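Colleague: Protein sequences, first through last, are from chains P and B.
Sequential numbering from 79 applies to the first sequence in the working numbering.
Sequential numbering from 278 applies to the second sequence in the working numbering.
Quick reminder that beta carbons are idealized off the backbone N, C-alpha and C, glycines included.
A quick note: this is a predicted structure, and the numbers were derived from the prediction, not measured.
I'd like to ask you about the structure that follows.
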Amino acid sequence: MDSAFRSDTPLYRQIADWLKRSIVSGAFRPGDRLPSIRDLALRLEVTPNTLQRALQILEDEGLLHTERTSGKFVTTDAVRLRTLRDELLRDRIRALISDLRQHGYGREEILTCFEREWY
Amino acid sequence: MMETDAVRIQHLSMAYGRHDALRDVSLCVPAGTMTALCGANGSGKTTLLKIAGGLIQPWRGAVHILSHGDTWAAKADICYHSAFPWFEPQQTVSGAARRAARFHARYDMTRLNGMLASFDLDPSARLGALSKGRCALALFLISLGADERLYLMDEPFGGIDVKTRAQMKTALLRCMSPDRTFIISTHELSDLEGLFDRLILLDGGRVRLSDWTDDLREQNGCSLSELVRRMI
Numbered sequence: 079m080d081s082a083f084r085s086d087t088p089l090y091r092q093i094a095d096w097l098k099r100s101i102v103s104g105a106f107r108p109g110d111r112l113p114s115i116r117d118l119a120l121r122l123e124v125t126p127n128t129l130q131r132a133l134q135i136l137e138d139e140g141l142l143h144t145e146r147t148s149g150k151f152v153t154t155d156a157v158r159l160r161t162l163r164d165e166l167l168r169d170r171i172r173a174l175i176s177d178l179r180q181h182g183y184g185r186e187e188i189l190t191c192f193e194r195e196w197y
Numbered sequence: 278m279m280e281t282d283a284v285r286i287q288h289l290s291m292a293y294g295r296h297d298a299l300r301d302v303s304l305c306v307p308a309g310t311m312t313a314l315c316g317a318n319g320s321g322k323t324t325l326l327k328i329a330g331g332l333i334q335p336w337r338g339a340v341h342i343l344s345h346g347d348t349w350a351a352k353a354d355i356c357y358h359s360a361f362p363w364f365e366p367q368q369t370v371s372g373a374a375r376r377a378a379r380f381h382a383r384y385d386m387t388r389l390n391g392m393l394a395s396f397d398l399d400p401s402a403r404l405g406a407l408s409k410g411r412c413a414l415a416l417f418l419i420s421l422g423a424d425e426r427l428y429l430m431d432e433p434f435g436g437i438d439v440k441t442r443a444q445m446k447t448a449l450l451r452c453m454s455p456d457r458t459f460i461i462s463t464h465e466l467s468d469l470e471g472l473f474d475r476l477i478l479l480d481g482g483r484v485r486l487s488d489w490t491d492d493l494r495e496q497n498g499c500s501l502s503e504l505v506r507r508m509i
């Protein structure tokens with residue numbers, strides 16, 4: 079798993095993004111309890127402190143909540159989950175557009191190719 | 278992020294004769310963290326670890342370890358792993374472990390045996406019959422078997438192959454808990470980036486960096502190994 083993370087940007091941010099993608103993809107479903115911090119940190123090969131910092135981002139953004147004794151749970155708030163889906167899509171599209179623009183592609187070219195390749 | 282510091286050092290200086298090993302070193306290490314102690318050869322890493330471990334005196338400045346008043350008293354809560362661990366070649370791995378256990382009030386033989394098994398190290402093997410790397414690994418695991426609050430480890434990854442280093446990383450991560458703090462000197466960082474919460478970089482006996490690793494990545498836009506390469 080470690081190799082999946084780049085070492086030139088903060089690991090906790092990359093882990094937070096991975097957790098968000100896992101929620102959108104359904105690997106972690108609404109209401110699911112996350113594995114313990116210790117287990118998840120070992121799986122990702124990072125320290126519990128790094129993982130804790132990533133989880134804090136998701137808690138601050140209302141995607142996780144902590145129940146005092148039983149652990150951390152994925153939100154069941156359908157509106158919040160919907161915006162998360164939209165946010166991730168928007169971020170990916172923005173990154174793609176910015177990359178293609180740097181390579182000199184225009185709107186029409188991109189849209190034409192997008193329609194042709196969509197199946 | 279952490280409320281308490283396991284190590285708090287203020288204005289620490291230490292000289293060997295006319296050679297200044299540490300010059301006005303001030304730093305804190307939060308409890309429950311894994312710290313990489315980096316720097317070129319002769320930058321003061323070993324001296325710093327030895328002072329924190331209560332192995333050498335005298336020095337000038339203030340050193341607080343785990344709320345103990347002096348480093349001598351703190352020794353009871355410390356596991357110090359030397360860069361040149363002493364061992365008897367005739368001794369077996371388990372014999373050396375029993376010997377180490379006598380030096381620690383709390384020693385977790387079950388954890389050690391689990392780690393030995395996961396590294397495929399035979400407890401009945403004689404240390405002198407193992408390769409240099411396997412012997413170093415066995416002595417490292419024996420140190421990790423101590424159930425202490427502060428682990429000071431001097432270059433445990435030196436001369437160890439990449440695959441074994443990855444296993445050592447996992448063993449260290451498994452040992453982490455909020456009441457255990459690790460300071461590990463190392464020249465290897467590129468395959469251990471995820472292991473460390475904090476980085477201390479020494480240069481000519483002075484502190485160049487002492488910060489959270491992710492904050493350093495953020496501020497410098499590069500990996501820890503690249504950052505250290507740029508700065509020394």
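Taking 8 Å as the threshold (beta carbon to beta carbon), is Met445/B in contact with chain P?
Modeller: Judged by the 8 Å Cβ criterion, Met445/B is not in contact with chain P.
Colleague: Taking the alpha carbon of Leu389/B as the reference point, which residue from Asp480/B, Leu504/B, Ala415/B has its own alpha carbon closest?
Modeller: Per the Cα distances, Ala415/B.
Colleague: If you draw a straight line from the alpha carbon of Gly321/B to that of His296/B, how long is it in whole angstroms?
Modeller: Each residue's alpha carbon lies about 11 Å from the other.
Colleague: At a cut of 8 Å, does the segment 164 to 176 of chain P reach the segment 422 to 433 of chain B through at least three beta carbon pairs?
Modeller: Contact between the segment 164 to 176 of chain P and the segment 422 to 433 of chain B is absent, because fewer than three Cβ pairs lie under 8 Å.
Colleague: Using 8 Å as the threshold, is the segment 86 to 104 of chain P in touch with the segment 120 to 132 of chain P, meaning 3 or more CB pairs across them?
Modeller: As far as the Cβ criterion goes, the segment 86 to 104 of chain P touches the segment 120 to 132 of chain P, which means the pair count is three or higher.
Colleague: Could you check whether Pro108/P and Val152/P sit closer than 8 Å to each other, using their CB atoms as the reference points?
Modeller: Yes; because the gap between Cβ atoms is below 8 Å, this pair is in contact.
Colleague: Counting only C-beta atoms, is Asp86/P closer than 8 Å to chain B at any point?
Modeller: So yes, Asp86/P belongs to the interface.
Colleague: Counting only beta-carbon separations shorter than 8 Å, does Asp488/B have a partner in chain P?
Modeller: No, because no Cβ of chain P sits closer than 8 Å to the Cβ of Asp488/B.
Colleague: Kindly indicate if chain B contains any beta-carbon less than 8 Å away from that of Ala119/P.
Modeller: Yes, Ala119/P lies at the interface with chain B (some Cβ there is under 8 Å from its Cβ).
Colleague: For a contact meaning CB atoms closer than 9 Å, what does Pro113/P contact in chain B?
Modeller: Correct list: empty, because the minimum Cβ distance to chain B is about 15 Å.
Colleague: Which residues does DSSP list as the beta-bridge partners of Gln287/B?
Modeller: BP columns for Gln287/B point to Ala339/B.
Colleague: Which residues bound the beta strand (DSSP E) around Gly372/B?
Modeller: From DSSP, Gly372/B is part of no beta strand (DSSP E) but of the alpha helix (DSSP H) over 370 to 379.
Colleague: For a contact defined as C-beta to C-beta under 7 Å, what are the partners of Leu89/P on chain B?
Modeller: Ordered by position in chain B, the residues that pass the 7 Å Cβ test against Leu89/P are Gly471, Asp491.
Colleague: If we call anything under 8 Å between Cβ atoms a contact, is Thr463/B one with Ala351/B?
Modeller: Taking 8 Å as the Cβ cut-off, Thr463/B and Ala351/B do not qualify as a contacting pair.
Colleague: Establish whether the CB of Thr147/P and some CB of chain B are separated by less than 8 Å.
Modeller: Not closer than 8 Å to any Cβ of chain B, the Cβ of Thr147/P fails to qualify, so no.
Colleague: Could you tell me the alpha carbon to alpha carbon distance between Glu165/P and Tyr90/P, rounded to whole angstroms?
Modeller: Going by the C-alpha atoms only, they are around 19 Å apart.
Colleague: Taking only beta-carbon positions, decide if Thr310/B is within less than 8 Å of chain P.
Modeller: Cβ-Cβ to chain P under 8 Å: yes for Thr310/B.
Colleague: Select from Pro307/B, Ala339/B, Asp301/B the residue whose C-alpha is nearest the C-alpha of Asp282/B.
Modeller: Checking every option, the nearest Cα to that of Asp282/B belongs to Pro307/B.
Colleague: Could you tell me the distance, in whole angstroms, from the CA atom of Arg111/P to the CA atom of Leu398/B?
Modeller: Arg111/P and Leu398/B: Cα-Cα distance of roughly 37 Å.
Colleague: What is the DSSP secondary structure of Arg107/P, reduced to helix, strand or coil?
Modeller: If DSSP states are grouped into helix, strand and coil, Arg107/P belongs with coil.
Colleague: How would you call Cys315/B, buried or exposed, if buried means at least 16 neighbouring beta carbons within 10 angstroms?
Modeller: Per the 10 Å Cβ criterion, buried.
Colleague: Starting from Leu476/B, trace the alpha helix (DSSP H) in both directions and tell me its first and last residue.
Modeller: Premise fails: Leu476/B lies in the beta strand (DSSP E), 475 to 480, not in any alpha helix (DSSP H).
Colleague: Since Trp489/B is in the beta strand (DSSP E), which residue starts that stretch and which ends it?
Modeller: Residues 483 to 489.
Colleague: Can you tell me whether Ala119/P is buried or exposed, with buried defined as 16 or more other CB within 10 angstroms of its CB?
Modeller: It counts as buried.
Colleague: Taking CB distances under 8 Å as the criterion, tell me whether Arg494/B reaches chain P.
Modeller: Output row for Arg494/B: interface = yes.
Colleague: Check whether the segment 342 to 360 of chain B and the segment 326 to 333 of chain B are in contact - that is, three or more C-beta pairs closer than 8 Å.
Modeller: The segment 342 to 360 of chain B is in contact with the segment 326 to 333 of chain B.
Colleague: Does the segment 436 to 447 of chain B come within contact of the segment 399 to 406 of chain B, defined as at least 3 CB pairs closer than 8 Å?
Modeller: Touching, no, given that fewer than three Cβ pairs across the two stretches are closer than 8 Å.
Colleague: Could you tell me the boundaries of the alpha helix (DSSP H) in which Gly391/B lies?
Modeller: From DSSP, the alpha helix (DSSP H) with Gly391/B extends over 386 to 395.
Colleague: Less than 7 Å between C-beta atoms, sequence neighbours within five positions excluded: which residues of the same chain meet that for Ile419/B?
Modeller: Here the set comprises Ala373, Ala374, Ala377, Leu389.
Colleague: If we count the other Cβ atoms within 10 Å of its Cβ and call it buried at 16 or more, is Met278/B buried or exposed?
Modeller: In this predicted model, Met278/B has a pLDDT of only 42, less than 50, meaning its place in the structure is not dependable; the value taken from the coordinates is given anyway. The residue is exposed, with fewer than 16 neighbouring Cβ atoms inside 10 Å.
Colleague: Skipping 5 residues on each side, what residues in its chain have a beta carbon closer than 7 Å to that of Gly405/B?
Modeller: Cβ neighbours of Gly405/B beyond the five flanking positions: Pro366, Gln367.
Colleague: Return yes when at least one heavy atom of the ligand NAD lies under 7 Å from the C-beta of Phe364/B, else no.
Modeller: Although the ligand NAD was asked about, the structure shown includes no ligands whatsoever.
Colleague: Note down, in chain order, all residues in the segment 124 to 152 of chain P with a beta-carbon under 9 Å from any beta-carbon belonging to chain B.
Modeller: Residues Val124, Thr125, Pro126, Asn127, Thr128, Gln130, Arg131.
Colleague: Could you tell me the boundaries of the alpha helix (DSSP H) in which Gly330/B lies?
Modeller: Unbroken run through Gly330/B: none, as it is neither H nor E.
Colleague: Can you tell me the Cβ-Cβ gap for Thr324/B and Ala298/B, rounded? I've got them flagged as a contact below 8 Å.
Modeller: With 8 Å as the limit, Thr324/B and Ala298/B qualify as a contact, their Cβ atoms being about 4 Å apart.
Colleague: Might you give, ordered along the chain, the residues of its own chain that have their beta carbon closer than 8 Å to the beta carbon of His288/B, omitting 5 neighbours on each side?
Modeller: So the qualifying residues of the chain are Asp301, Val302, Ser303, Arg337, Gly338, Ala339.
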